[in-house]
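Novice: Chains A and B are the protein sequences, given in the same order. According to our numbering, the stretch in the first sequence is residues 531 to 729, in order. According to our numbering, the stretch in the second sequence is residues 531 to 729, in order. Cβ coordinates follow ideal geometry from the N, Cα and C atoms, glycine included. Every value quoted in this text rests on a predicted model; they were computed, and no experiment measured them. Just dropping this structure here.
Protein chains: 2
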Amino acid sequence: MRLVTTISNISELEMAKKSDIIELRLDLGNFENVPPGKYIVTYRRKADGGLYVGNEEERIAKLRDNAKRVKAEFVDIEFDVEDSILDLFDCDVIESYHNFKETPNYEFLKNLVENKRGDHFKVATMGRSIEDWKRIAKLLIEFDGTIAFLIGEKFKFTRIAAAMLGSPFIYCYVGSKKAPGQFELEEALKILKKLGVRE
Amino acid sequence: MRLVTTISNISELEMAKKSDIIELRLDLGNFENVPPGKYIVTYRRKADGGLYVGNEEERIAKLRDNAKRVKAEFVDIEFDVEDSILDLFDCDVIESYHNFKETPNYEFLKNLVENKRGDHFKVATMGRSIEDWKRIAKLLIEFDGTIAFLIGEKFKFTRIAAAMLGSPFIYCYVGSKKAPGQFELEEALKILKKLGVRE
């Protein structure tokens, strides 16, 4: 598992130095002067939990330019973009599905993951019950390499539990929380140490 | 989820007072003067990770007498006893399967749980890989009320992760560890609090 810290500006980089990889959220801040490092580049639309509102072509162009400039290891692209968009990137692609209202049924989620075009599929959906978590856990058991967890404070445990079922990333924050239920980086490190899964 | 503390003698009761229920291990100590409380009574054979060596009739008789005397909420009985044994108890029965060598394949485990005669089936098997944990997690997802986790220090995280998938008990220790990978009671409470799943 790798600890990802989602940052909204360069000043958060120093606080995030214990993480394994940094997610640059282009919709939250400007990362023009970011130093060399391991990065995921993401440009999140409002409908998917981000701040970007505007033209889709401009969004993709900025995402591509930034991914190239920082030599990103991954780019995070929403699952509903056209096939041709995925060819614009030299790095690995995390294809993501967000749902801030609910966790759809298993067949729907399975269908998304089975039809993935990127290197990893990411599912982040609102948690309402333990049944939602069982559905996500089943997805992780059945599909290796999937990134999946529930959104929401009450279901933040799923971010840790998912990693124990093979989900490759745990998304954390430093400074201010970037999504409901994220763990602060140091807190995540402490829990993983207590669980005996990380030094 | 309920935190169970496994105790080997009455002197450990005080340290275990934050747990939800206490497991009295008759093979580890004498509990004649135990005060009223919530108890699981267990008399574990050597082959299943306990200390009892001897006559099976005597073992069951002592288990029954103690369960009656302490007004046990549960008795833990090994899965290979005859049907008639289960009728000897007035309380709920945890039917348990232990394997200190390996985690058998899913079909084997599923078959055990599907044929359970007790109120809960408990599976505790040696962990060797993340695949073992995925198998146990699948069992928890498919069969509500099952108690299941992996044995071993490296897989102690499964004791916590299992509870998040509905496993009703987390077995902890106070004083000395009673099984490989058990969390100390206070440590388990701290982790659960950090994960946001317990006050």
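1) Check distances from the C-beta atoms of the region 582 to 611 of chain A to those of chain B and list, in chain order, the residues that come in under 7 Å.
2) Let me know if Asp557 of chain A comes out buried or exposed under the rule of 16 or more other beta-carbons within 10 Å of its beta-carbon.
3) Smallest Cα separation from Cys621 of chain B: which of B:Glu612, B:Asp606, B:Glu632 and B:Tyr627?
4) Could you give the residue range of the alpha helix (DSSP H) that holds Asn629 of chain A?
5) I need the DSSP call for Arg599 of chain A, collapsed to helix, strand or coil.
6) Please list, in chain order, the residues of the region 674 to 696 of chain A that have any C-beta partner in chain B closer than 9 Å.
7) Is Lys724 of chain B close to chain A? Criterion is C-beta to C-beta, closer than 9 Å.
8) Using a beta-carbon distance below 9 Å, is Ile709 of chain B in contact with chain A?
9) Could you tell me which uninterrupted alpha helix (DSSP H) segments, each at least 4 residues in length, are contained entirely in the region 614 to 686 of chain B, listed from first to last along the chain?
10) Measure how close the beta-carbons of Tyr627 of chain B and Lys652 of chain B come, nearest whole angstrom, since I'm counting them as under 8 Å.
11) Taking Cβ-Cβ distances below 9 Å as the criterion, which residues of the region 656 to 670 of chain B are in contact with chain A?
12) Could you tell me which chain B residues have their CB closer than 9 Å to the CB of Glu717 of chain A, listed as they occur along the chain?
13) Indicate whether Phe604 of chain A and Asp649 of chain A have their beta-carbon atoms separated by less than 9 Å.
14) Under 9 Å between C-beta atoms, does Val643 of chain A make it to chain E?
15) Measure from the alpha carbon of Gly580 of chain A to the alpha carbon of each residue in A:Pro710, A:Met694 and A:Val623, then state which is nearest.
16) Hey, quick one: how far does the alpha helix (DSSP H) through Glu716 of chain B stretch, first residue to last?
17) Contact between the region 541 to 560 of chain A and the region 569 to 583 of chain A is defined here as three or more beta-carbon pairs at a separation below 8 Å; is this criterion met?
18) Tell whether a beta-carbon distance below 9 Å holds between Phe687 of chain B and Val534 of chain A.
19) Can you have a look at Asp613 of chain A and say buried or exposed, based on whether 16 or more other CB atoms are within 10 angstroms of its CB?
20) Which whole-angstrom value describes the C-beta separation of Ala678 of chain A and Ile690 of chain A, a residue pair presumed to lie in contact below a C-beta threshold of 8 Å?
21) When the Cα atoms are used, what is the spatial distance from Lys601 of chain B to Ile570 of chain B?
22) Which whole-angstrom value describes the C-beta separation of Glu586 of chain B and Gly705 of chain B, a residue pair presumed to lie in contact below a C-beta threshold of 8 Å?
23) Near Glu632 of chain B, which residues of its chain fall below 6 Å by C-beta distance, leaving aside the five closest residues on each side in sequence?
24) Pick helix, strand or coil for Glu612 of chain B, following the three-state DSSP scheme.
25) What residues from chain B crowd round Ile721 of chain A, counting only those whose CB sits closer than 8 Å?
26) Is the beta carbon of Glu729 of chain B sitting closer than 9 Å to the one on Lys723 of chain B?
27) To the nearest angstrom, how far is it from the Cα of Glu625 of chain A to the Cα of Leu670 of chain A?
28) Give the DSSP-derived three-state secondary structure of Asp578 of chain B in the structure shown.
29) Looking only at its own chain, which residues have a Cβ that is under 7 Å from the Cβ of Asp578 of chain B, when we skip the five neighbours before and after it?
30) I'd like the span of the beta strand (DSSP E) that includes Glu553 of chain B, first residue to last.
31) Taking C-alpha atoms, which residue in A:Pro634, A:Tyr703, A:Ile551 and A:Asp610 lies nearest to Asp662 of chain A?
32) Which residues in the same chain have their Cβ closer than 7 Å to the Cβ of Gly682 of chain A, if we skip the five residues on either side of it in sequence?
33) I believe Leu618 of chain B touches Ile660 of chain B by the beta-carbon criterion, under 8 Å. Please report the beta-carbon distance rounded to the nearest angstrom.
34) What residue range is occupied by the uninterrupted beta strand (DSSP E) comprising Ile537 of chain A?
Specialist: Considering the structure as presented:
1) Within the region 582 to 611 of chain A, no residue qualifies.
2) Buried: at least 16 other Cβ atoms inside 10 Å.
3) Comparing Cα-Cα distances from Cys621 of chain B to each of B:Glu612, B:Asp606, B:Glu632 and B:Tyr627, the minimum goes to B:Asp606.
4) No alpha helix (DSSP H) holds Asn629 of chain A; the beta strand (DSSP E) holding it covers Asp622 to Asn629.
5) Note: Arg599 of chain A maps to helix in three-state DSSP.
6) Of all residues in the region 674 to 696 of chain A, the ones placed with a Cβ closer than 9 Å to any Cβ belonging to chain B are Glu683, Lys684, Phe685, Lys686, Phe687, Thr688, Ile690, Ala691, Met694, Leu695 and Gly696, in chain order.
7) Residue-level contact check: Lys724 of chain B touches chain A, since one or more beta carbons of chain A fall below 9 Å from its beta carbon.
8) One point to set straight first is that residue 709 of chain B is Ala, not Ile, in the sequence displayed. No, Ala709 of chain B lies away from the interface with chain A (no Cβ there is under 9 Å from its Cβ).
9) Whole alpha helix (DSSP H) segments, 4+ residues: 636 to 644 and 660 to 672.
10) Your pair Tyr627 of chain B and Lys652 of chain B checks out as a contact, with CB atoms roughly 7 Å apart and the cut at 8 Å.
11) From the region 656 to 670 of chain B, only Ile660, Trp663, Lys664, Arg665, Ala667, Lys668 and Leu670 have a Cβ closer than 9 Å to chain A.
12) Taking a Cβ-Cβ cut-off of 9 Å, the neighbours of Glu717 of chain A in chain B comprise Lys724, given in sequence order.
13) With respect to Asp649 of chain A, Phe604 of chain A sits close: the two C-beta atoms are nearer than 9 Å.
14) Absent here is chain E; the protein component of the structure consists of chains A and B.
15) Selected option, being the one with the closest Cα: A:Pro710.
16) For Glu716 of chain B, the enclosing alpha helix (DSSP H) has its first and last residue at Leu715 to Lys724.
17) Output reads yes: the region 569 to 583 of chain A touches the region 541 to 560 of chain A.
18) Contact: no.
19) Per the 10 Å Cβ criterion, exposed.
20) Between Ile690 of chain A and Ala678 of chain A the Cβ distance is about 13 Å, and since that is not below 8 Å, they are no contact.
21) So the alpha carbons of these two residues sit roughly 9 Å apart.
22) Not quite, the Cβ-Cβ distance comes to about 29 Å (not below 8 Å), so this is no contact.
23) Cβ contact annotation for Glu632 of chain B (same chain, cutoff 6 Å, sequence separation greater than five): Met656, in chain order.
24) In the structure shown, Glu612 of chain B sits in coil (DSSP, three-state: anything other than H, G, I, E or B).
25) The contacting residues are Ile721, Lys724 and Leu725.
26) Contact flag set, yes.
27) Answer to the nearest angstrom: the Cα atoms are 15 Å apart.
28) The answer is helix: DSSP assigns Asp578 of chain B an H, G or I state.
29) Contacts found: Glu608 and His628.
30) Per DSSP, Glu553 of chain B is one residue of the beta strand (DSSP E) stretching across Ile551 to Arg555.
31) Nearest C-alpha to Asp662 of chain A: A:Pro634.
32) Excluding sequence neighbours, Gly682 of chain A sits near Met656, Gly657, Pro710 and Gly711.
33) With 8 Å as the limit, Leu618 of chain B and Ile660 of chain B do not qualify as a contact, their Cβ atoms being about 40 Å apart.
34) According to the DSSP assignment, Ile537 of chain A belongs to the beta strand (DSSP E) that extends over Arg532 to Ile537.
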